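Reading through the C-alpha coordinates given below for one structure.
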Amino acid sequence: MLKAALDTSITCNLLIYRDDEKVFQGTLDSQSRDNDRNLPPWLVETLASLGGTLNDVRQWTVGTGPGSFAGLRSGIAFIKGICMASGAQLRGVPSCVATAQQANPKPGQKTGVIMDGRCGQILLAIVKDGRLHADPVALDPEDLLSTHYQCDVWITPQPTLIPPLPESVQDNLKKVDCIDITPLILDTMTPWPKDWSEIDKSCEPIYVRPPVFVKPIELKNLLA
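The opening position of the sequence shown corresponds to residue 121 in this note's numbering, with each subsequent residue numbered one higher.
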(Lines of atoms letter the chains of each structure in order from A; the text may use other names.)
(Lines give C-alpha, C1' and ligand atoms only; values in the text may rest on other atoms or scores of the structure.)
Protein backbone atom coordinates (compact mmCIF):
# COMPACT_ATOMS: atom_id res chain seq x y z
CA MET A 121 0.00 0.00 0.00
CA LEU A 122 1.20 3.49 -0.84
CA LYS A 123 0.85 6.27 1.71
CA ALA A 124 2.07 9.84 1.40
CA ALA A 125 2.60 13.06 3.30
CA LEU A 126 2.60 16.50 1.70
CA ASP A 127 3.49 19.79 3.34
CA THR A 128 3.20 23.12 1.51
CA SER A 129 3.64 25.46 4.47
CA ILE A 130 6.99 26.77 3.16
CA THR A 131 7.91 24.70 0.12
CA CYS A 132 6.31 21.58 -1.35
CA ASN A 133 7.71 18.62 0.61
CA LEU A 134 6.56 15.16 -0.41
CA LEU A 135 7.18 11.82 1.30
CA ILE A 136 5.94 8.48 -0.04
CA TYR A 137 6.04 5.07 1.63
CA ARG A 138 5.24 1.68 0.15
CA ASP A 139 4.10 -0.30 3.17
CA ASP A 140 6.87 0.46 5.69
CA GLU A 141 9.58 1.36 3.18
CA LYS A 142 10.35 4.94 2.15
CA VAL A 143 10.41 5.09 -1.65
CA PHE A 144 10.49 8.86 -2.22
CA GLN A 145 11.32 12.05 -0.37
CA GLY A 146 11.77 15.30 -2.24
CA THR A 147 10.96 18.97 -2.62
CA LEU A 148 9.32 20.79 -5.51
CA ASP A 149 11.43 23.74 -6.67
CA SER A 150 8.58 26.23 -6.82
CA GLN A 151 7.30 29.31 -5.05
CA SER A 152 4.20 28.77 -2.90
CA ARG A 153 2.17 31.10 -5.10
CA ASP A 154 2.80 28.75 -8.03
CA ASN A 155 1.79 25.57 -6.21
CA ASP A 156 -1.66 25.44 -7.76
CA ARG A 157 -0.06 25.17 -11.20
CA ASN A 158 3.10 23.14 -10.54
CA LEU A 159 2.02 20.75 -7.80
CA PRO A 160 -0.40 18.48 -9.76
CA PRO A 161 1.98 17.51 -12.59
CA TRP A 162 4.85 17.03 -10.12
CA LEU A 163 2.79 14.59 -8.04
CA VAL A 164 1.63 12.71 -11.14
CA GLU A 165 5.17 12.44 -12.52
CA THR A 166 6.62 11.40 -9.16
CA LEU A 167 4.11 8.59 -8.69
CA ALA A 168 4.52 7.49 -12.30
CA SER A 169 8.27 7.12 -11.66
CA LEU A 170 7.34 4.72 -8.86
CA GLY A 171 5.01 2.75 -11.11
CA GLY A 172 1.83 4.18 -9.58
CA THR A 173 -0.87 6.82 -9.90
CA LEU A 174 -2.60 9.24 -7.56
CA ASN A 175 -5.36 6.68 -7.06
CA ASP A 176 -2.85 4.16 -5.72
CA VAL A 177 -2.12 6.28 -2.64
CA ARG A 178 -4.52 5.04 0.04
CA GLN A 179 -3.50 7.35 2.88
CA TRP A 180 -2.63 11.05 2.66
CA THR A 181 -1.39 13.29 5.47
CA VAL A 182 -1.17 17.03 4.83
CA GLY A 183 0.75 19.59 6.86
CA THR A 184 -1.55 22.35 8.09
CA GLY A 185 1.00 25.01 8.96
CA PRO A 186 1.45 27.63 10.07
CA GLY A 187 3.07 29.02 6.95
CA SER A 188 2.25 30.39 3.52
CA PHE A 189 -1.44 31.22 3.13
CA ALA A 190 -1.43 30.48 -0.61
CA GLY A 191 0.76 27.40 -0.31
CA LEU A 192 -1.28 25.75 2.43
CA ARG A 193 -4.60 26.52 0.80
CA SER A 194 -3.69 25.19 -2.66
CA GLY A 195 -1.85 22.10 -1.41
CA ILE A 196 -4.55 20.97 1.00
CA ALA A 197 -7.35 21.67 -1.47
CA PHE A 198 -5.68 19.59 -4.18
CA ILE A 199 -5.13 16.58 -1.91
CA LYS A 200 -8.73 16.85 -0.69
CA GLY A 201 -9.87 16.58 -4.29
CA ILE A 202 -7.70 13.53 -4.86
CA CYS A 203 -9.11 11.79 -1.79
CA MET A 204 -12.69 12.59 -2.74
CA ALA A 205 -12.11 10.91 -6.09
CA SER A 206 -10.03 7.94 -4.90
CA GLY A 207 -11.63 7.28 -1.52
CA ALA A 208 -8.24 7.43 0.21
CA GLN A 209 -7.95 8.30 3.89
CA LEU A 210 -6.98 11.89 4.68
CA ARG A 211 -5.88 13.76 7.79
CA GLY A 212 -4.09 16.99 8.66
CA VAL A 213 -1.23 17.47 11.12
CA PRO A 214 0.40 20.82 12.02
CA SER A 215 3.64 21.20 10.05
CA CYS A 216 5.32 22.74 13.09
CA VAL A 217 4.99 19.43 14.92
CA ALA A 218 7.36 17.86 12.39
CA THR A 219 9.73 20.81 12.65
CA ALA A 220 9.80 20.52 16.44
CA GLN A 221 10.95 16.90 16.19
CA GLN A 222 14.10 18.08 14.40
CA ALA A 223 15.13 19.89 17.60
CA ASN A 224 15.26 16.52 19.41
CA PRO A 225 13.34 17.67 22.51
CA LYS A 226 13.18 15.50 25.59
CA PRO A 227 9.78 14.29 26.86
CA GLY A 228 7.93 17.13 28.55
CA GLN A 229 10.05 19.86 26.98
CA LYS A 230 8.50 22.75 25.06
CA THR A 231 9.91 23.47 21.61
CA GLY A 232 9.54 26.93 20.13
CA VAL A 233 9.24 26.76 16.33
CA ILE A 234 10.09 30.17 14.89
CA MET A 235 9.12 31.23 11.37
CA ASP A 236 9.28 34.46 9.42
CA GLY A 237 6.28 36.67 10.12
CA ARG A 238 7.35 39.49 7.78
CA CYS A 239 7.51 43.17 8.65
CA GLY A 240 10.10 42.43 11.35
CA GLN A 241 7.89 39.95 13.17
CA ILE A 242 8.05 36.20 13.76
CA LEU A 243 5.49 33.42 13.94
CA LEU A 244 5.83 31.25 17.04
CA ALA A 245 4.36 27.78 17.48
CA ILE A 246 5.03 26.00 20.76
CA VAL A 247 5.01 22.20 20.58
CA LYS A 248 5.11 19.82 23.53
CA ASP A 249 5.19 16.02 23.32
CA GLY A 250 4.17 16.01 19.66
CA ARG A 251 1.18 18.33 20.06
CA LEU A 252 0.57 22.06 19.76
CA HIS A 253 0.89 23.49 23.27
CA ALA A 254 -0.87 26.75 22.36
CA ASP A 255 -2.25 28.53 19.32
CA PRO A 256 0.57 29.91 17.12
CA VAL A 257 1.00 33.69 17.35
CA ALA A 258 2.69 36.58 15.56
CA LEU A 259 5.18 38.38 17.79
CA ASP A 260 7.91 40.98 17.84
CA PRO A 261 11.24 39.22 18.50
CA GLU A 262 11.63 40.78 21.96
CA ASP A 263 8.32 39.21 23.01
CA LEU A 264 10.15 35.87 23.17
CA LEU A 265 11.68 37.04 26.45
CA SER A 266 8.26 36.90 28.12
CA THR A 267 7.81 33.98 30.50
CA HIS A 268 4.55 33.29 28.65
CA TYR A 269 6.56 32.16 25.60
CA GLN A 270 9.46 30.50 27.39
CA CYS A 271 10.63 27.27 25.74
CA ASP A 272 13.26 24.65 26.50
CA VAL A 273 14.54 24.43 22.93
CA TRP A 274 14.17 26.62 19.84
CA ILE A 275 14.27 25.82 16.13
CA THR A 276 13.64 27.61 12.83
CA PRO A 277 13.25 26.21 9.29
CA GLN A 278 13.81 29.72 7.88
CA PRO A 279 17.19 30.86 9.28
CA THR A 280 17.85 33.39 6.52
CA LEU A 281 14.43 35.04 6.69
CA ILE A 282 13.69 35.59 10.39
CA PRO A 283 14.69 38.92 11.99
CA PRO A 284 17.39 39.14 14.71
CA LEU A 285 16.29 37.39 17.90
CA PRO A 286 17.10 38.07 21.57
CA GLU A 287 20.56 36.77 22.43
CA SER A 288 19.28 34.15 24.87
CA VAL A 289 17.09 32.67 22.13
CA GLN A 290 19.61 33.05 19.31
CA ASP A 291 22.31 31.22 21.27
CA ASN A 292 20.04 28.19 21.72
CA LEU A 293 18.44 28.21 18.27
CA LYS A 294 18.76 25.18 16.00
CA LYS A 295 18.67 26.11 12.33
CA VAL A 296 17.45 23.76 9.60
CA ASP A 297 17.07 24.43 5.90
CA CYS A 298 13.82 22.52 5.42
CA ILE A 299 11.14 20.64 7.31
CA ASP A 300 11.65 16.89 7.60
CA ILE A 301 8.05 15.72 7.29
CA THR A 302 8.77 12.10 8.24
CA PRO A 303 6.86 12.46 11.56
CA LEU A 304 3.71 13.43 9.66
CA ILE A 305 3.38 10.01 8.07
CA LEU A 306 3.64 8.01 11.29
CA ASP A 307 0.49 6.06 12.19
CA THR A 308 0.86 7.17 15.81
CA MET A 309 0.88 10.88 14.97
CA THR A 310 -2.88 11.51 15.06
CA PRO A 311 -6.07 9.45 14.61
CA TRP A 312 -7.58 9.16 11.15
CA PRO A 313 -10.85 11.12 10.76
CA LYS A 314 -13.96 8.99 10.36
CA ASP A 315 -15.99 11.19 8.02
CA TRP A 316 -15.68 14.32 5.88
CA SER A 317 -16.82 16.58 8.69
CA GLU A 318 -13.85 15.40 10.76
CA ILE A 319 -11.56 15.55 7.73
CA ASP A 320 -12.45 19.20 7.07
CA LYS A 321 -11.72 20.07 10.69
CA SER A 322 -8.47 18.11 10.69
CA CYS A 323 -7.22 19.73 7.48
CA GLU A 324 -8.11 23.32 8.36
CA PRO A 325 -4.99 25.42 7.70
CA ILE A 326 -3.47 27.22 10.67
CA TYR A 327 -3.71 30.92 9.88
CA VAL A 328 -1.90 33.01 12.48
CA ARG A 329 -3.18 36.15 10.84
CA PRO A 330 -6.71 35.73 9.50
CA PRO A 331 -7.13 36.58 5.81
CA VAL A 332 -8.49 40.02 5.03
CA PHE A 333 -11.77 40.09 3.18
CA VAL A 334 -12.76 43.22 1.31
CA LYS A 335 -16.43 43.99 0.83
CA PRO A 336 -17.20 43.70 -2.90
CA ILE A 337 -18.07 46.89 -4.74
CA GLU A 338 -21.74 47.04 -5.65
CA LEU A 339 -22.28 46.38 -9.34
CA LYS A 340 -23.65 49.26 -11.34
CA ASN A 341 -26.22 48.87 -14.09
CA LEU A 342 -24.54 50.69 -16.96
CA LEU A 343 -27.63 50.29 -19.13
CA ALA A 344 -29.94 52.15 -16.75
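Each residue gets a CB set at the ideal place from its N, CA and C atoms; glycine is no exception. These numbers come from a predicted model, not from an experiment.
Of G172, L148, T131 and L281, the smallest CA-CA separation from Y137 is found for G172. For D236, same chain residues with a beta-carbon under 6 Å away, outside a window of 5 residues either side, are Q278, L281 and I282 in chain order.
The DSSP-derived three-state label of Q179 is strand. Using a 10 angstroms sphere on the CB of S188, the tally of other CB atoms reaches 16 or more, which defines it as buried. Rounded to the nearest angstrom, the gap between the Cα atoms of G183 and E287 is 31 Å. Residue burial annotation: L135 is buried, with at least 16 other C-beta atoms found within 10 angstroms of its C-beta. As a beta-bridge residue in DSSP terms, K295 pairs with T276. Where G201 is concerned, the enclosing alpha helix (DSSP H) starts and stops at F189 to S206. Beta-bridge pairing by DSSP links T231 to V247 and V273.
Cβ-Cβ distances below 7 Å link Q221 to P303 in the same chain, with the five nearest sequence neighbours on each side left out; the list follows chain order. Note that the region 173-181 touches the region 197-204; at least 3 beta-carbon pairs, one per stretch, sit closer than 8 Å.
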